[in-house]
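Below is one structure, written out as structure tokens; comments come after it.
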Amino acid sequence: MSNKTLPLTDALHRYLLDVSLRESDTLRRLREETAQVRLAIMQITPEQGQFMQLLVHLTSAKRCLEIGTYTGYSALCVAQSLGDDGRLICCDINEEWTAIARRYWAEAGVAHKIDLRLAPALETLNALRAQGAAASFDFVFVDADKANYDNYYEHALALLRAGGLMAIDNTLWFGHPADPADMSPDTVAIRALNSKIKQDARVRISMLPIGDGLTLAQKI
Ligand code: SAM
Ligand code: CA
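Okay, so the sequence shown: first residue is 276 according to our numbering, each after it adds one.
Below, the structure written as structure tokens:
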């Protein structure tokens with residue numbers, strides 16, 4: 276028994292995957308192809324993807340938004356969990372990485388649920404709000420450039436309906452935020468957002484040590 280989160284040794288992690296990971300064939304092949312792509316470390320872990328699938332089911336989400344798509348693994352997790360009337364808007368700026376994403380989304384038969392917007396995410400988010408999409412999303416996943424995390428958080432809060440859920444990735448950022456000597460811009464941005472979220476009465480929160488840290492924030 277432990278009153279602290281268990282340290283995840285390689286053996287325990289292997290066991291966790293062995294006894295719980297249910298990854299579709301398309302997701303597994305996308306993960307294997309992504310492992311050969313530059314910056315493959317950016318992809319969420321498969322167990323986090325499965326957790327996000329559960330979140331989508333638990334919230335009965337229909338309108339979803341992803342900020343930072345890369346080769347499309349997290350988006351495919353979400354899209355596979357949406358009903359046929361569910362929709363996911365994806366924001367990214369990289370054509371090469373999202374071309375891989377599009378290939379797998381088509382193969383998995385979920386391309387019709389995904390609307391990829393290739394533009395700086397702040398432009399897409401501003402446009403959504405200008406078009407009246409505020410308070411209309413059920414689920415938002417934040418996973419793009421860390422310097423803009425606070426901006427993404429504020430846009431996501433505005434776009435979520437009351438009761439909607441935001442999941443913010445990399446909030447433990449390789450452990451750097453806990454090192455006061457680390458003042459690199461990305462660490463400072465994540466540390467500041469973590470502190471802000473703790474005090475933010477607009478949300479209910481839980482910070483999970485899954486993957487690189489995942490903060491859940493439900494809009495009140
Ligand atoms: N969610 C993805 C997954 O788990 O497979 C990983 C996303 S990766 C960490 C971050 C992505 O954000 C990259 O694909 C990058 O091109 C994109 N990105 C970086 N700056 C951006 C910006 N200003 N607007 C939109 N996307 C951006
Ligand atoms: Ca991430």
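The beta carbon of each residue, even a glycine, is placed where N, CA and C say it ideally should be. Nothing here was measured: the structure is a model prediction, and the numbers come from that model.
Legend entry - Residues surrounding ligand 2 [beta-carbon distance to nearest heavy atom under 5 Å]: Per the Cβ criterion, the list is Asp418, Asp444 and Asn445.
Inset, instruction - Compare the Cα-Cα distances from Ala476 to each of Glu307, Gly324, Ala492 and Ala464 and report the closest residue. - result: Comparing Cα-Cα distances from Ala476 to each of Glu307, Gly324, Ala492 and Ala464, the minimum goes to Ala492.
Legend entry - When Ile495, Thr490 and Val312 are compared against Phe326, the one with the closest alpha-carbon: It is Thr490 whose Cα lies nearest to the Cα of Phe326.
Inset, instruction - Check Ile465 in the structure and name its three-state DSSP category. - result: Helix, per DSSP.
Legend entry - Sub-7 Å separation of Arg269 and Asp444 beta-carbons: There is no way to answer for residue 269, as the model of the chain reaches only from 276 to 495.
Inset, instruction - Reducing DSSP to helix, strand and coil, say where Gly438 ends up. - result: Gly438 carries a strand assignment under DSSP once its states are collapsed to helix, strand and coil.
Inset, instruction - Could you work out which residue in Ser277, Ala350, Glu322 and Ser411 is closest to Val385 when comparing CA atoms only? - result: It is Ala350 whose Cα lies nearest to the Cα of Val385.
Legend entry - Spatial neighbours of Ile375 in its chain, beta-carbon cut-off 8 Å, leaving aside the 5 residues before and after: Within the same chain, Cβ atoms closer than 8 Å to the Cβ of Ile375 are found at Leu305, Glu308, Thr309, Val312, Thr346 and Gly347, the five residues on either side in sequence being excluded.
Inset, instruction - Drop a sphere of 10 angstroms on the beta-carbon of Lys471, count the other beta-carbons inside from all chains shown, and report buried for 16 or more, exposed for fewer. - result: Burial call: exposed.
Inset, instruction - Could you tell me whether the region 405-420 touches the region 438-456, using the rule of 3 or more Cβ pairs below 8 Å? - result: Yes: at least three Cβ pairs fall under 8 Å.
Legend entry - Burial state of Glu341, where buried means 16 or more other Cβ atoms lie within 10 Å: Around the Cβ of Glu341, a 10 Å sphere holds 16 or more other Cβ atoms; the residue is buried.
Legend entry - First and last residue of the uninterrupted beta strand (DSSP E) at Phe326: Phe326 -> not in any beta strand (DSSP E); alpha helix (DSSP H) instead, spanning Pro321 to Leu333.
Inset, instruction - Could you spell out where the beta strand (DSSP E) holding Arg313 opens and where it closes? - result: Secondary structure note for Arg313: it is in no beta strand (DSSP E), with a DSSP letter that is neither H nor E.
Inset, instruction - Starting from the C-beta of His332, find all residues in its chain whose C-beta is less than 8 Å away, skip the five residues before and the five after it, and write them out in chain order. - result: Closer than 8 Å at the Cβ level, and outside the excluded window around His332, lie Ser356.
Inset, instruction - Would you check if there are 3 or more beta carbon pairs closer than 8 Å linking the region 362-371 to the region 384-403? - result: Because the criterion of three Cβ pairs below 8 Å is met, the region 362-371 and the region 384-403 touch.
Legend entry - Counted within 10 angstroms of its Cβ, other Cβ atoms place Arg303 as buried (16 or more) or exposed: Flag for Arg303 reads exposed.
Inset, instruction - Starting from Thr490, trace the beta strand (DSSP E) both ways and give me its first and last residue. - result: Counting along the chain, the unbroken beta strand (DSSP E) around Thr490 starts and ends at Leu489 to Lys494.
Inset, instruction - Tell me, please, whether the region 390-409 touches the region 453-468 by the rule of three or more beta-carbon pairs shorter than 8 Å. - result: With fewer than three CB-CB distances shorter than 8 Å, the region 390-409 does not count as touching the region 453-468.
Legend entry - Cα-Cα separation between Gln390 and Ala396, rounded to whole angstroms: Residue 390 is actually Asp in this sequence, not Gln. One C-alpha to the other measures close to 13 Å.
Inset, instruction - Flag Ser335 as yes when its Cβ comes closer than 6 Å to any non-hydrogen atom of ligand 1, and as no otherwise. - result: It does not: the Cβ of Ser335 is nowhere closer than 6 Å to a heavy atom of ligand 1.
Inset, instruction - Would you check if the distance between the CB atom of Tyr424 and the CB atom of Ala464 is smaller than 7 Å? - result: Their beta carbons are under 7 Å apart, which means Tyr424 touches Ala464 by this criterion.
Legend entry - Gly343 beta carbon near ligand 1 (any heavy atom closer than 6 Å): Yes, ligand 1 has a heavy atom inside 6 Å of this Cβ.
Inset, instruction - Starting from Val353, follow the alpha helix (DSSP H) in both directions and report where the run begins and ends. - result: Counting along the chain, Val353 sits inside the alpha helix (DSSP H) bounded by residues Tyr348 to Ser356.
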